[in-house]
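Asker:
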């Protein structure tokens, strides 16, 4: 086990900067996610760490050893691919044994370590099957067993769950969490799925345009986003803009929000991000004085939740997510309601540029 | 989906042409191959014999030609594989900018007439040809090397002509090897050579086998190039069959040789397709 450290890591493709001077340190045994939309450079970073792409600048250290110039086979890493990338002409046993054989493991030691790895991903009894005889979820588990069997000093995941259907993805996520707890191998996990990143990681690194936007614990990233990009990317936020007036933000005439903390000068233009789940709808009768008046424009039922599109007096619209419990008040389009926005959940960031 | 009846109807025009111009004449040749031929009289129509077939195995001259043809097929296939694999690998795994020019380079000779290509080799390889003159001029040899009207000439000519088929088959199968699978082997500790041996080569086995079958079958049945580069004396089965028919008018022997060649070809295709199925079953 070792830590991973990236210093001023950069990659340029034909003049396009995919990764720009990224500095990132992952502690020993830590699980870190690189989270961002496609094209943000996260996969490029992972592949540079694996040695599959040559960086145009900067250095990579694994366990204090500079590996920037080493080929992938000299880096002692395990990589789990989105496409599984199993060896189709080999049995599950041979797939898992591949890395161990490269490390000169033979005989009963080899066999016991392969079986140990297969037991970890709960695939005992599948050793003699071929990959094509397995389901997608099973293939992905074989890929994990293959990556962890040689006990790499660093484990890399390249969107490992995005080829699986939703139900299987949830199962595999729990499986991964369990595996990570048991093994405590330093792990870099690339994903565009924020739920995955938030629930699995010790720390999340949000990326955009080849730049790290925020590197923090999942709670911090969710509750206190540092940039407008992170605020708009994480969760399902509504975005409003307004002007700071004392301790409140005036969106427009009559629409005034009162966040719990405000770090901006009087008169400054700011963006306010409000999560869909941070708003409660109040019936006309029991509106408090702080509530913002609005009309329901649209109602959409999706099982556990009901989503309402509400229109403020200035014409801007918000999406509000309410639990669909039978006891909860049901609103219909056209109803006038009050929006009770929790002051802690309003994220106010100065307008950029 | 096309149902069975309309499927048959769609096949009918081609099937009719094939039956009339290929199947019926072929079947008519079967009895001929069991007749006796008497020089000066022609085909003797009373009585049957299997001597034409026995001759192929027992007659020293026939046997030499059969063995030579088989050896030629194996050598050309091997050479095409050795020369073609690196080219195919470069086309698939090299700089994408070079892909189209390289593919064009491979395909281009196919657009040239077979006779012209073979004649080109005569110009290059003959005793007073380009290569021998050059080697003599720079003093490497004193007498011209015998590069033509023997096995060497045929090997060179046939390898050149059938190389594109091999390369195209290999390109197709190399394209089916996912990059991630090779990358996975690299992260697990494989050197580039080991990746090739343990991953790429086994996964391209179906392409290697089908390319080899194609080149082998084309080589043993080739007529024009062996005739031009082998001369009138250095025979392979196809040229021998031609001579039996057209020069000696010994149709029974020619028919027997033809059927033997066809039978050998079908046998080889059948055997290798069984092999492919077993390998591809794993791949």
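Chains as they are written, first to last, in this note's numbering: chain B, 8 to 360; chain V, 89 to 371. Don't be surprised by glycine CBs; every beta carbon is placed ideally from N, CA and C. These numbers come from a predicted model, not from an experiment.
1) Quick check: the Cα distance between residue 263 of chain B and residue 252 of chain B, rounded to an integer number of angstroms?
2) I need the boundaries of the alpha helix (DSSP H) containing residue 157 of chain V, first residue and last residue.
3) Along the beta strand (DSSP E) that carries residue 1 of chain B, what are the first and last residues, could you check?
4) Leaving out the 5 sequence neighbours to the left and right, which residues in its chain are closer than 7 Å to residue 238 of chain V when beta-carbon positions are compared?
5) Would you say residue 258 of chain V lies against chain B (beta-carbon separation less than 7 Å)?
6) Is it right to say residue 336 of chain V is buried, meaning 16 or more other beta carbons lie within 10 angstroms of its own, or is it exposed?
7) Is residue 25 of chain B closer than 7 Å to residue 48 of chain B when the C-beta atoms are compared?
8) Taking Cβ positions only, does residue 261 of chain V come closer than 7 Å to chain B?
9) If we cut at 7 Å on Cβ distances, does residue 43 of chain V have a partner in chain B?
10) Determine the contact status of residue 13 of chain B and residue 42 of chain B, defining contact as a CB-CB distance below 7 Å.
11) Going along the segment 93-127 of chain B in order, which residues come within less than 7 Å of chain V, judged by CB to CB distance?
12) For residue 9 of chain B, go through chain V and note every residue whose CB falls closer than 9 Å to its CB, in chain order.
13) Is residue 308 of chain B buried or exposed, if buried means 16 or more other CB atoms sit within 10 Å of its CB?
14) Taking 6 Å as the cut-off, is the beta-carbon of residue 54 of chain B closer than that to any non-hydrogen atom of the ligand PLP?
15) Assuming contact is defined by CB atoms lying nearer than 7 Å, are residue 4 of chain B and residue 146 of chain B in contact in what I supplied?
16) Compare the Cα-Cα distances from residue 216 of chain V to each of V/228, V/200, V/233 and report the closest residue.
17) Give every residue of the same chain whose Cβ lies closer than 7 Å to the Cβ of residue 154 of chain B, excluding the five residues on either side of it in the sequence, and list them in chain order.
18) For residue 350 of chain V and residue 62 of chain B, I'd like the C-alpha separation in whole angstroms.
19) CA-CA distance, residue 278 of chain V and residue 217 of chain B?
20) Tell me whether the beta-carbon of residue 121 of chain V lies closer than 7 Å to the beta-carbon of residue 344 of chain V.
21) Taking the beta strand (DSSP E) that residue 347 of chain B belongs to, which residues open and close that run?
22) May I have the straight-line CA-CA distance separating residue 161 of chain V from residue 211 of chain V, to the nearest angstrom?
23) Taking Cβ positions only, does residue 268 of chain B come closer than 7 Å to chain V?
24) Is the CB-CB distance between residue 202 of chain B and residue 35 of chain B below 7 Å?
25) Could you please give the first and the last residue of the uninterrupted alpha helix (DSSP H) stretch that includes residue 220 of chain V?
26) If you follow the alpha helix (DSSP H) that residue 267 of chain V is in, where does it begin and where does it stop?
27) Looking at the secondary structure, which residues open and close the beta strand (DSSP E) in which residue 51 of chain B lies?
28) Using the Cα positions of residue 312 of chain B and residue 247 of chain B, report the straight-line distance between them to the nearest angstrom.
29) Helix, strand or coil, according to DSSP, for residue 133 of chain V in the structure here?
30) Taking residue 290 of chain V as the query, report the chain B residues whose CB atoms sit under 8 Å from its CB, ordered along the chain.
31) Taking DSSP as the reference, what is the three-state secondary structure of residue 282 of chain V?
32) State the DSSP-derived secondary structure class of residue 357 of chain B, mapped to helix, strand or coil.
33) With distances taken Cα to Cα, identify the nearest neighbour of residue 219 of chain B among B/37, B/133, B/52, B/9.
34) Inspect the beta-carbon positions of residue 304 of chain B and residue 316 of chain B and report whether they are closer than 7 Å.
35) So, does the CB of residue 259 of chain B fall closer than 7 Å to a CB anywhere in chain V?
36) Would you give the residue range spanned by the alpha helix (DSSP H) that residue 20 of chain B belongs to?
Answerer: A quick look at the data gives this:
1) If you take the alpha carbons of residue 263 of chain B and residue 252 of chain B, they lie about 9 Å apart.
2) First-last of the alpha helix (DSSP H) with residue 157 of chain V: 148-181.
3) Here chain B has residues from 8 to 360 only, and residue 1 of chain B is not among them.
4) Excluding five sequence positions before and after residue 238 of chain V, the CB atoms of its chain that fall closer than 7 Å to its own CB belong to 322, given in chain order.
5) Closer than 7 Å: no.
6) With fewer than 16 Cβ atoms within 10 Å of its Cβ, residue 336 of chain V is classed as exposed.
7) Cβ atoms of residue 48 of chain B and residue 25 of chain B: closer than 7 Å.
8) The C-beta of residue 261 of chain V comes no closer than 7 Å to any C-beta of chain B.
9) This structure cannot settle anything about residue 43 of chain V, because the visible part of chain V is limited to 89 through 371.
10) Not in contact: residue 13 of chain B and residue 42 of chain B (Cβ atoms no closer than 7 Å).
11) Going along the segment 93-127 of chain B in chain order, one finds 94, 95, 96, 105, 106, 109, 110 with a Cβ nearer than 7 Å to chain V.
12) Residues of chain V with a Cβ closer than 9 Å to the Cβ of residue 9 of chain B do not exist; the shortest Cβ-Cβ separation is about 16 Å.
13) With fewer than 16 other beta carbons inside 10 angstroms of its own, residue 308 of chain B counts as exposed.
14) This structure lacks the ligand PLP; in fact it carries no ligand of any kind.
15) Residue 4 of chain B lies beyond the residue range present for chain B, which begins at 8 and ends at 360; the question has no answer from this structure.
16) That would be V/233, whose Cα lies nearest to the Cα of residue 216 of chain V.
17) For residue 154 of chain B, same chain residues with a beta-carbon under 7 Å away, outside a window of 5 residues either side, are 85, 86, 87, 162 in chain order.
18) Spanning the two alpha carbons is a distance of roughly 58 Å.
19) Residue 278 of chain V and residue 217 of chain B have their C-alpha atoms roughly 30 Å apart.
20) Going by C-beta atoms, residue 121 of chain V is nearer than 7 Å to residue 344 of chain V.
21) In the DSSP assignment, residue 347 of chain B falls within the unbroken beta strand (DSSP E) covering 343-348.
22) Their Cα atoms are separated by approximately 24 Å.
23) Interface flag for residue 268 of chain B against chain V is unset, since no Cβ pair is found closer than 7 Å.
24) Cβ atoms of residue 202 of chain B and residue 35 of chain B: not closer than 7 Å.
25) From DSSP, the alpha helix (DSSP H) with residue 220 of chain V extends over 218-225.
26) Membership of residue 267 of chain V in the alpha helix (DSSP H) is indicated by the continuous run 267-275.
27) Note, residue 51 of chain B: premise wrong, no beta strand (DSSP E); alpha helix (DSSP H) at 49-57.
28) So the alpha carbons of these two residues sit roughly 23 Å apart.
29) Collapsing the DSSP output to three states places residue 133 of chain V in coil.
30) Chain B residues near residue 290 of chain V: 96.
31) Three-state DSSP puts residue 282 of chain V in a helix.
32) Residue 357 of chain B: strand per DSSP, three-state reduction.
33) Comparing Cα-Cα distances from residue 219 of chain B to each of B/37, B/133, B/52, B/9, the minimum goes to B/52.
34) Cβ distance < 7 Å, so residue 304 of chain B and residue 316 of chain B count as in contact.
35) The beta carbon of residue 259 of chain B sits no closer than 7 Å to any beta carbon of chain V.
36) No alpha helix (DSSP H) contains residue 20 of chain B, which is instead part of the beta strand (DSSP E) from 11-20.
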